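Numbering (this note's numbering), first residue to last: 1 to 355. Just so it is clear, CB atoms sit at the ideal spot from N, CA and C, and this is done for glycine as well. Source: prediction; values computed, not measured.
Written out as structure tokens, the structure reads:
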């Protein structure tokens with residue numbers, strides 16, 4: 001039982017991390033990599049459930065019970081068929097979106113295309129007993145596909161190229177056709193036809209490619225803040241405001257809008273449904289949208305930032321039109337607000353004869 005607990009505990013921790021409020025997508029992806037390598041690897045030692053950094057104890061794979069070995073094998077196959085086949089199956093490679101891999105390439109600490117991502121493709125290939133040549137081809141396909149999908153997002157979000165780059169054919173140097181005789185041109189392979197001028201679209205894409213390659217060489221990391229390291233979106237906001245990058249910040253906003261799981265979205269739907277059920281007759285659709293937004297962005301309504309009100313200030317803050325005297329001396333005492341009193345005074349008790 002302890003071996004089974006040691007096997008299931010890391011998977012349960014990954015599940016909890018992926019379904020948390022505002023999870024770090026890259027952290028979830030790297031944690032999934034760790035599970036498939038250290039927990040579900042057929043020849044990897046199984047870390048004991050109560051192991052600590054000071055006392056790192058584990059079970060050698062040869063000492064595991066047959067039930068644990070079989071469970072480990074079934075879990076590894078399930079993880080591969082539902083996720084890690086994107087690194088080994090050519091059919092899945094052609095249809096996979098690779099959003100999480102793009103999130104990894106846009107993270108300052110894991111942006112190297114030949115780093116953790118290629119190591120994971122290699123590990124998955126080894127686990128499926130693929131040849132080395134096949135693994136190298138899979139690495140090349142995955143790396144080129146992820147970068148191409150990221151370029152595609154940058155290209156779709158970029159402003160029209162005609163507004164960014166305006167180039168005329170006169171700016172492209174070339175040779176006139178009669179500068180040299182034909183025999184000299186043939187002997188020394190002299191180009192006699194002007195080069196085809198680069199179109200604005202091609203130059204536009206070259207700027208994007210240069211920015212992407214410059215990002216892979218950039219040593220910038222997340223900054224330390226009072227509450228811990230800054231978020232990835234805050235990092236890209238800082239890069240955009242400083243003008244360091246032109247296209248990548250917009251792409252990062254789109255890529256990181258995809259959550260690690262649908263759990264938090266389902267929770268938002270559930271809370272919105274509860275509000276509609278309870279307050280069906282008194283909430284407009286706009287108010288429901290605002291309540292859902294505030295529920296997701298609690299920093300806008302942090303009550304700990306509000307100053308305390310005295311009892312008298314609290315009474316004065318209640319709108320008069322929502323207060324009703326439950327034990328009035330007269331009927332008019334139920335309408336004590338100024339606008340209600342003005343409404344009553346506007347009606348006369350007798351019919352005027354002046355027409």
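Taking a contact as a CB-CB distance under 8 Å, the pair residue 26 and residue 104 counts as one, their CB atoms being some 5 Å apart. The three-state secondary structure of residue 86, taken from DSSP, is helix.
Boundaries of the alpha helix (DSSP H) around residue 293: 285-296. Contact check for residue 79 against residue 135 fails: the beta carbons are separated by 7 Å or more. Look at residue 228 here: in three-state DSSP terms it is strand.
Approximately 12 Å separates the beta-carbon atoms of residue 265 and residue 295; this is outside 8 Å, ruling out the contact.
Within the segment 41-115, complete alpha helix (DSSP H) segments of at least 4 residues are found at 66-82, 90-95, 99-105, given in chain order. Per DSSP, the continuous alpha helix (DSSP H) segment holding residue 33 begins and ends at 25-34. Distance from the CA of residue 137 to the CA of residue 34, rounded to the nearest whole angstrom, comes to 23 Å.
Pairing residue 75 with residue 40 gives a Cβ-Cβ distance under 7 Å.
With contacts defined as CB atoms closer than 7 Å, residue 213 and residue 223 fail to qualify as a contacting pair. Between residue 48 and residue 57, the gap from beta carbon to beta carbon is short of 7 Å. A check of alpha carbon separations from residue 269 across 292, 260, 287, 259 identifies 292 as the nearest. In summary, residue 125 is buried, with 16 or more beta-carbon neighbours lying within 10 Å of its beta-carbon over all protein chains present. Residue 101 is classed as buried because its beta carbon has at least 16 other beta carbons within 10 Å across all chains shown.
Within the same chain, Cβ atoms closer than 6 Å to the Cβ of residue 93 are found at 141, the five residues on either side in sequence being excluded. For residue 133, the enclosing alpha helix (DSSP H) stretches over residues 132-157. Segment contact: the segment 242-252 against the segment 145-156, three or more CB-CB distances shorter than 8 Å; contact assigned. Taking the C-beta atoms as reference points, residue 42 is found no nearer than 7 Å to residue 221. Straight across, the Cα-Cα distance linking residue 145 with residue 82 is about 19 Å. Exclusion of the five residues before and after residue 98 leaves 86, 142, 145, 146, 149 as the residues of its chain whose Cβ lies within less than 8 Å of its Cβ. Taken through DSSP and simplified to helix, strand or coil, residue 208 comes out as helix. The beta-carbon distance between residue 245 and residue 211, rounded to whole angstroms, is 6 Å. This is short enough to meet the 8 Å contact definition.
For residue 252, the enclosing alpha helix (DSSP H) begins and ends at 248-255. Taking C-beta atoms under 8 Å as the contact rule, residue 256 and residue 113 fail to qualify, at a distance of about 18 Å. Pairing residue 261 with residue 18 gives a Cβ-Cβ distance under 7 Å. Within the same chain, Cβ atoms closer than 6 Å to the Cβ of residue 263 are found at 19, the five residues on either side in sequence being excluded. Note that the C-beta distance between residue 9 and residue 31 is not below 7 Å. Where residue 315 is concerned, the enclosing alpha helix (DSSP H) starts and stops at 311-317. Contact between residue 139 and residue 68 is absent: CB atoms are separated by about 32 Å, not below the 8 Å threshold. Nearest to residue 159 by alpha-carbon distance, out of 127, 129, 208, is 208. Taking a C-beta distance under 7 Å as the contact criterion, residue 71 and residue 128 do not qualify as a contact pair.
Residue 128 carries a coil assignment under DSSP once its states are collapsed to helix, strand and coil. Closest by C-alpha distance to residue 234, out of 284, 66, 24, 132, is 24. Its chain contains 317 as the residues whose beta carbon lies nearer than 8 Å to that of residue 309, once the 5 sequence neighbours on both sides are disregarded; these appear in chain order. In the three-state reduction of the DSSP assignment, residue 244 falls in the coil class, being assigned neither a helical nor a strand state.
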